[in-house]
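> Below you will find the structure I want to go over with you.
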Amino acid sequence: MGKMTIDGRLVEFTDEKNVLSVIRKAGIDIPTLCYVSELSTYGSCRLCTVEDERGKTFASCSEVPRDGMVIYTNTPRLRKYRKMILELLLAAHDRDCTTCVVSGSCHLLELAQRVGVNHVRFQNTRELQPLDDSSPSILRNPNKCILCGDCVRMCTDIQGINAIDFAYRGTDALVTPAFNRKLTETGCVGCGQCRIVCPTGAITVVSDIEPVMKALADPQTIVVAQIAPAVRLALGDKFGMPKGENVMGRIVSIMHRMGFDEIYDTTYGADLTVLEESKELLEHVSSGKGVPLFTSCCPAWVQHCEKKYPDLAKYISTCRSPMQMFGAVIREYFRDPEHNAGKKLVNVAIMPCTAKKGEILRPESRTRGIQDVDYVITTEELSSIIEQSGIVFDKVEIESADVPFGIGSGSGMIFGITGGVTEAVMRRLQRGHDRAAMRAITESGVRGMEGIKKFEIPYNGKLLKAAVVSGLANADIIMDGIRSGEEHFDFVEVMACPGGCIMGGGQPAKSGPRTRAGRIRGIYETDINTQIKKSDENPTVTLLYETLLKGHVHELLHRNTRE
Ligand code: HC1
Ligand code: SF4
């Protein structure tokens, strides 16, 4: 513990890792562009520069707090300096701000306005770069890049992918895949975490809004949507609701008004996954393969495993993800003329995830040769559709999702958080649902935000070994251990985004620790308020096995193409 003087006031510090954190703790919102607390410190933007009592300036993000320091954060010199930095960044930036997709949320623009940049004195001499639109998930526009390096550190430190890096020097410097390749020619898995930290419009979500709007306007088309668990806890961020508030009722109501014919809940699809995956886990364990069964819900993880661990990819569960299981079930249901009234079906999934846009295009995401889900719309895109519609978010009456696929269990809901899939499987394997047993599951080690959790699942007098991982760099640690034989598990859950889908790459950006805490609370509170806790106790799901799924379980719920 120590004390420093910031702008004339004494401030105590304890374990803050840098002077910037102490300044923020003192209630001063000093501007930064390249500082993201979860990533390594890069110190490139210099916006957080402060001055000491001798007039020495330094970047506060890169300075360790020392007892007795005297700091000034808002001197005329610093204000001039920050303005100049922002002016130079704007000068080297494609400034078609009026039509930029992140116009209303651009951090660069917000800071420029905050420090009072009202004109840019310098010319942009950078050569225009082509867009990289090779990925179905994210779009890179190098002309809007300000070289803060946040995306590079996210892709390297947290995801361990290294798909993008700095190239060239001086005014030619660029963030790009090696040898100027396209994203799809790298190890990129479309997780969208780079987009979450990008402060400008240099990395954005590929938009599928237009074809969905077109389908909504066509009277000969039935437009059906499923809504993923994590979407409902994040969309409210865009409309000023408290962090993590569950806004499912408003989403359903607004989407009905926009013309979606039926709106279902992906938690129903997650319940199907729990039933199938639990069964597969028991078969997998009794077959004594000696390698774990890996979860298959997260498409970024599946891609990563296929690219980096092809020898282990055959142990990924054959279960389709909840989105895909449900997409196939919805398509099958609407094949019946009684349900389709002679109209064409457009099957939409509202997801917190950018990688899901790639998942629907994979060969195994088709049934009888037809793509199951037509479009994935991210939470971020849904917020723009709502804004375009003019419907006032907090003025609508809430509505519930439609039958017969609108009821999911609490187990389906917790899929949206790291550990949720495993916890749902543990509930399934548990006979009955007495309170003590359910509490023992929550306290088993399956919950929490650690990137790697290892624990045991009691089953039938045996202990199954499980690992829950989020963040692909953490997945690499576990995979290397499994490959070398140092680690043994029966079940491994991997979610690519740190914290799971609640922090997905398609969620509203600017999501720091406070946002994450709100979404964690929101997901577990929704589970608490859901009467059906276990997937096997969802009567609408068990009924499906006796009707539409009869004789079609493998065809609709499992991958049919991968070995
Ligand atoms: Fe997810 Fe899943 S939890 S992958 O995070 O298994 O995207 O929310 O919909 O499919 O249910 C995402 C969320 C989502 C699937 C489920
Ligand atoms: Fe890296 Fe994910 Fe961005 Fe691809 S989408 S560049 S893997 S952070």
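Per full-length UniProt numbering, the very first residue in the sequence shown carries number 1; after that it's consecutive. Note that the Cβ used here is the ideal one computed from N, Cα and C, for glycine as well. No experiment lies behind these values; they were computed from the predicted model shown.
#1: Rounded to a whole number of angstroms, what is the C-alpha to C-alpha distance between residue 327 and residue 299?
#2: How about residue 254: is its Cβ closer than 7 angstroms to a heavy atom in ligand 3?
#3: Do residue 294 and residue 278 have their C-beta atoms closer together than 8 angstroms?
#4: With H, G and I counted as helix, E and B as strand and the rest as coil, what does DSSP make of residue 26?
#5: Along the beta strand (DSSP E) that carries residue 455, what are the first and last residues, could you check?
#6: Comparing alpha-carbon positions, which option in 363, 478 and 252 lies nearest residue 312?
#7: Tell me which residues share the same chain as residue 186 and place their Cβ nearer than 6 angstroms to its Cβ, disregarding the 5 neighbours each side in the sequence.
#8: Nearer than 7 angstroms: is that true of the beta carbon of residue 416 relative to any heavy atom of ligand 1?
#9: At what residues does the alpha helix (DSSP H) containing residue 86 begin and finish?
#10: Which residue's Cα is closest to the Cα of residue 559: 263, 371, 2 and 337?
#11: Can you tell me whether DSSP reads residue 541 as helix, strand or coil?
#12: To the nearest angstrom, how far is it from the Cα of residue 569 to the Cα of residue 461?
#13: Among the candidates 11, 425 and 385, whose CA atom is the shortest distance from the CA of residue 216?
#14: Would you kindly work out how many angstroms separate the C-alpha atoms of residue 562 and residue 362, rounded to a whole number?
#15: Kindly indicate which three-state DSSP category residue 217 falls into: helix, strand or coil?
#16: Quick check on the burial criterion: 16 or more other C-beta atoms within 10 angstroms. Buried or exposed for residue 356?
#17: Using the DSSP secondary-structure output, state which residues sit across from residue 308 in a beta bridge.
#18: With distances taken from CA atoms, which of 128, 270, 392 and 154 is nearest residue 257?
#19: CA-CA distance, residue 475 and residue 395?
#20: Would you mind reading off the limits of the beta strand (DSSP E) that contains residue 263?
#21: By a C-beta neighbour count over all protein chains shown, 10 Å radius and 16 as the cutoff for buried, is residue 159 buried or exposed?
#22: Measure from the alpha carbon of residue 41 to the alpha carbon of each residue in 457, 31, 60 and 106, then state which is nearest.
#23: Under the DSSP definition of a beta bridge, which residues are partnered with residue 204?
#24: Indicate, with yes or no, if ligand 1 has a heavy atom lying under 7 angstroms from the CB of residue 321.
#25: Between which two residues does the alpha helix (DSSP H) carrying residue 330 extend?
#26: Write down the C-beta distance between residue 199 and residue 150 rounded to the nearest angstrom, noting that I regard them as a contact closer than 8 angstroms.
#27: Taking the alpha carbon of residue 153 as the reference point, which residue from 197, 141, 143 and 139 has its own alpha carbon closest?
#28: Between the alpha carbons of residue 349 and residue 68, how many angstroms are there, rounded?
The structure says:
#1: Here residue 327 corresponds to residue number 327 of the sequence shown, with the count starting at 1. Here residue 299 corresponds to residue number 299 of the sequence shown, with the count starting at 1. Distance between the alpha carbons of residue 327 and residue 299 is about 15 angstroms.
#2: Ligand 3 is absent from the structure shown, which contains only ligand 1 and ligand 2.
#3: The count along the sequence shown starts at 1 and reaches residue 294 at position 294. The count along the sequence shown starts at 1 and reaches residue 278 at position 278. Their beta carbons are not under 8 angstroms apart, which means residue 294 does not touch residue 278 by this criterion.
#4: Counting from one through the sequence shown, the residue named residue 26 turns up at place 26. In the structure shown, residue 26 adopts coil according to DSSP, grouped into three states.
#5: As a working mapping, residue 455 is identified with position 455 in the sequence shown. Residue 455 -> beta strand (DSSP E) spans 452 to 459.
#6: Taking the first residue of the sequence shown as position 1, residue 312 is located at position 312. For the options 363, 478 and 252, the alpha carbon positioned closest to that of residue 312 is the one of 478.
#7: Sequence index remark: in the sequence shown, residue 186 carries index 186 (1-based). If we look at residue 186 and ignore the five residues flanking it on each side, its Cβ neighbours are 163 and 177.
#8: One-based indexing of the sequence shown puts residue 416 at position 416. Yes, Cβ of residue 416 sits closer than 7 angstroms to a heavy atom of ligand 1.
#9: Here the question's residue 86 lines up with position 86 in the sequence shown. Looking at the DSSP string, the run of the alpha helix (DSSP H) that includes residue 86 is 76 to 91.
#10: Sequence index remark: in the sequence shown, residue 559 carries index 559 (1-based). The shortest C-alpha separation from residue 559 is found at 371.
#11: What you label residue 541 is simply residue 541 of the sequence shown in a count that begins at 1. It is helical.
#12: A query on residue 569 cannot be resolved here, the shown segment of the chain reaching from 1 to 563 and no further.
#13: The residue given as residue 216 occupies position 216 in the sequence shown. Answer by Cα proximity: 385.
#14: Indexing the sequence shown from 1 puts residue 562 at position 562. Indexing the sequence shown from 1 puts residue 362 at position 362. Residue confidence for residue 562 is low, a pLDDT of 46 falling below 50, so the modelled location carries little weight and cannot support an answer.
#15: Sequence index remark: in the sequence shown, residue 217 carries index 217 (1-based). Coil, per DSSP.
#16: If you number the sequence shown from 1, residue 356 lands on position 356. By the neighbour-count rule (16 or more Cβ atoms within 10 Å), residue 356 is buried.
#17: As a working note, residue 308 is residue 308 in the sequence shown. Paired residue(s): none; residue 308 is not in a bridge.
#18: Position 257 of the sequence shown, counted from the start, is the residue given in the question as residue 257. With distances taken between Cα atoms, residue 257 lies closest to 392.
#19: Working through the sequence shown from its first residue, we reach residue 475 at position 475. Working through the sequence shown from its first residue, we reach residue 395 at position 395. Between the alpha carbons of residue 475 and residue 395 lies a distance of about 43 angstroms.
#20: Position 263 of the sequence shown, counting from 1, holds the residue named residue 263. From DSSP, the beta strand (DSSP E) with residue 263 extends over 262 to 265.
#21: Looking up residue 159 in the sequence shown gives position 159. It counts as buried.
#22: The residue you call residue 41 lines up with position 41 of the sequence shown. When the alpha-carbon of residue 41 is set against those of 457, 31, 60 and 106, the nearest one is in 60.
#23: Sequence index remark: in the sequence shown, residue 204 carries index 204 (1-based). DSSP lists 139 as partners of residue 204.
#24: Position 321 of the sequence shown holds residue 321. Flag set: Cβ of residue 321 near ligand 1.
#25: Here residue 330 is taken as the residue at index 330 of the sequence shown, counted from 1. Counted as a single uninterrupted DSSP element, the alpha helix (DSSP H) harbouring residue 330 occupies residues 322 to 333.
#26: As a first step, residue 199 must be located in the sequence shown, where it is residue number 199. As a first step, residue 150 must be located in the sequence shown, where it is residue number 150. Contact annotation, residue 199 with residue 150: C-beta distance approximately 7 angstroms; criterion of less than 8 angstroms satisfied.
#27: Here residue 153 refers to the residue found at position 153 when the sequence shown is read from its first residue. When each option's Cα is compared against that of residue 153, the closest is 197.
#28: Stepping through the sequence shown from its first residue, residue 349 is reached at position 349. Stepping through the sequence shown from its first residue, residue 68 is reached at position 68. So the two alpha carbons sit approximately 55 angstroms from each other.
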